[in-house]
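Below: the structure, in structure tokens.
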Amino acid sequence: MLAMLLVLPVLLVLVSKRSGKPGALAGFGLEILLGAVGRRPGMVLFAGLGCLVFLGIFGTKVRFDDNLRHFRPPADEVFLRQDRVKAWLGGSTGKVLLVAEGRSEAEVLSVGAHIRRALETARREGLLARVDSINRFFQAPEIQAKNLLYLQSHREIFDPVRIRAAFTRALREQGFRDEGLYDPYLDALARGLTPHGVILPSSLKKTSAGPFIDRFLYEKGGSFRLVCYLTPSRDLWTLDQTKRFREGIVGRLESHGIGPKDYHLTGAGLLTADLKALLLRSLRSSLWLAFLSITLVLFLYYRSLKLLCLSAVPLAAGLVAAAGIMVLAGVDFNFFNLVVIPMIVGIGIDDGVHLANTYRFHKGPGATVALALTGRAVVLTSLTTLVGFGSISLSHYPGLRSMGYVALIGISACLLSSLLLLPALFGLLKGREKG
Numbered sequence: 172m173l174a175m176l177l178v179l180p181v182l183l184v185l186v187s188k189r190s191g192k193p194g195a196l197a198g199f200g201l202e203i204l205l206g207a208v209g210r211r212p213g214m215v216l217f218a219g220l221g222c223l224v225f226l227g228i229f230g231t232k233v234r235f236d237d238n239l240r241h242f243r244p245p246a247d248e249v250f251l252r253q254d255r256v257k258a259w260l261g262g263s264t265g266k267v268l269l270v271a272e273g274r275s276e277a278e279v280l281s282v283g284a285h286i287r288r289a290l291e292t293a294r295r296e297g298l299l300a301r302v303d304s305i306n307r308f309f310q311a312p313e314i315q316a317k318n319l320l321y322l323q324s325h326r327e328i329f330d331p332v333r334i335r336a337a338f339t340r341a342l343r344e345q346g347f348r349d350e351g352l353y354d355p356y357l358d359a360l361a362r363g364l365t366p367h368g369v370i371l372p373s374s375l376k377k378t379s380a381g382p383f384i385d386r387f388l389y390e391k392g393g394s395f396r397l398v399c400y401l402t403p404s405r406d407l408w409t410l411d412q413t414k415r416f417r418e419g420i421v422g423r424l425e426s427h428g429i430g431p432k433d434y435h436l437t438g439a440g441l442l443t444a445d446l447k448a449l450l451l452r453s454l455r456s457s458l459w460l461a462f463l464s465i466t467l468v469l470f471l472y473y474r475s476l477k478l479l480c481l482s483a484v485p486l487a488a489g490l491v492a493a494a495g496i497m498v499l500a501g502v503d504f505n506f507f508n509l510v511v512i513p514m515i516v517g518i519g520i521d522d523g524v525h526l527a528n529t530y531r532f533h534k535g536p537g538a539t540v541a542l543a544l545t546g547r548a549v550v551l552t553s554l555t556t557l558v559g560f561g562s563i564s565l566s567h568y569p570g571l572r573s574m575g576y577v578a579l580i581g582i583s584a585c586l587l588s589s590l591l592l593l594p595a596l597f598g599l600l601k602g603r604e605k606g
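Sequential numbering of the sequence shown, starting at 172, is according to the numbering used here.
Quick look at the structure:
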């Protein structure tokens, strides 16, 4: 803007001092077009409104595609390999983490046992493909205590000496020699059947199992946190899929008496969904703020509601037409092409302001010529922007390609509205003023 206000005027003055007659500029046939519109403004406006109604009906069906899978190159080798790995392993390639917290290791293991039972229900119902939890290897302390009590009350059944003798006798009866090959197993069984108390994961942290345990259980700030790794049965590409998955997990946990305060869910898929929702909310509020700001600036400039509305016609009509054309062309809004919307808003408002200013100061016999001169700048700026952003539509990357499509459709719709609907309105208003 500073260059336009300070540098450009100086350059224009210097160029104007050069000798020689300036060359002719392209007229784009605007005098002929605007002359025809001026002779039949009612017909042009009626036809334009009919097209807008038709496109507006389709525009109500415009969709927002938040599936990030659709933005990637379909033949990309990396993604194809990922799909093959996913088909081989089953379930999603992304993990969802469920984190539970407790004041002690025993408490968090007890909570984890309840959580695992609920998650196993979700797995059997098809919501999850896999559940990885430390509770698969360590029972809750209260369950271990019951098992200890059972072992102590049935010593005659679980007596290691009796079991070893019975095993040795069975070997001999079947014709095998007892050469001590099974002693390590029998010794381990004896240790398992004569425990000294509840076994907690921390008791094995200094063994070779320590790194494995650290994946699931750790202490921080005087409290213990247990992590369950959930594998969804399908990838969470869209907001709707993520929402249904989250609600399904929460529902299964609540049915087992586990409330939201007992855990929290996280993971790349859930964080991506939250960022998507945040982006949509921010964009929606930003667009409303932009529209209100533009309306305020135009009203302060024109101090006329009529001129304000006329300036907004190309933008309003262009957005309605663009939405309908997108539906007919099979183009959806997405996180990539949404960034083009503010640019389309700026182009549409600029077109309307330039032409409304010309109408404001040229209402005499030379109004058509004045509008044609202003229209040259409008057409040229729109065409250069179309070429710049439209070239993105040639990209092999679907996300960028959609940006080019929306830019082409939106800018073209605003340009046609500026050159057809707005001059037709000027013609009708001029006729009423004369009448």
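For every residue, glycine included, the Cβ atom is placed at its ideal position computed from N, Cα and C.
In chain order, G523, S588, L592, L593 and L596 place their CB closer than 7 angstroms to the CB of V484, counting only its own chain and leaving out the 5 sequence neighbours on each side.
Judged by DSSP secondary structure, T402 falls within the beta strand (DSSP E) whose first and last residues are S394 to P403. In the structure shown, K601 falls within a helical segment according to DSSP collapsed to helix, strand and coil. Taking the Cα positions, A492 is about 36 angstroms away from F250. Taking all protein chains shown into account, S263 has 16 or more neighbouring C-beta atoms within 10 Å of its C-beta and is therefore buried. For H435, the three-state secondary structure derived from DSSP is strand. A residue is called buried once 16 or more other Cβ atoms fall within 10 Å of its Cβ, and G489 is buried on that count. The criterion of a C-beta distance shorter than 8 angstroms is not satisfied by D247 and N505. DSSP places G273 outside any alpha helix (DSSP H); the residue lies instead in the beta strand (DSSP E), whose first and last residues are V267 to G273. Less than 8 angstroms separates the beta-carbon of A289 from that of L424. Around the beta carbon of L201, 16 or more other beta carbons sit within 10 angstroms, so the residue counts as buried. Your pair V498 and G230 checks out as a contact, with CB atoms roughly 6 angstroms apart and the cut at 8 angstroms. The residues F560, G561, S562, I563, S564, L565 and S566, in chain order, have a CB closer than 8 angstroms to that of G575 in the same chain once the five nearest residues on each side in sequence are set aside. Residue pairing for F235: DSSP places it in a beta bridge opposite F504. DSSP places D247 in no beta strand (DSSP E); its state is neither H nor E. Nearest to L557 by C-alpha distance, out of A538, I515 and V540, is I515.
According to DSSP, residue pairing for L299 in a beta bridge involves P403. When DSSP states are grouped into helix, strand and coil, K391 belongs to the strand group.
Taking L458 as reference, the option from L446, S583, I520 and I512 with the minimal CA-CA separation is I512. The closest CA to that of D349, considering only D358, K601 and F338, is found on F338.
Taking 8 angstroms as the upper bound for CB-CB distance, L454 and L509 are in contact here, some 6 angstroms apart.
I496 sits in a helix when the DSSP states are folded into three classes.
In this structure, DSSP gives S464 a helical state, which the three-state scheme calls helix. By the C-beta density criterion, I328 is exposed, having fewer than 16 other C-beta atoms within 10 angstroms.
Taking all protein chains shown into account, V302 has 16 or more neighbouring C-beta atoms within 10 Å of its C-beta and is therefore buried. Residue range P331 to E344 is occupied by the alpha helix (DSSP H) that includes E344.
In the DSSP assignment, V516 falls within the alpha helix (DSSP H) that extends over I512 to F532. When DSSP states are grouped into helix, strand and coil, S564 belongs to the helix group.
Residue state for E291 is assigned as helix, using DSSP reduced to three classes. With a cutoff of 8 angstroms on beta-carbon distance, L436 and L269 are scored as near each other.
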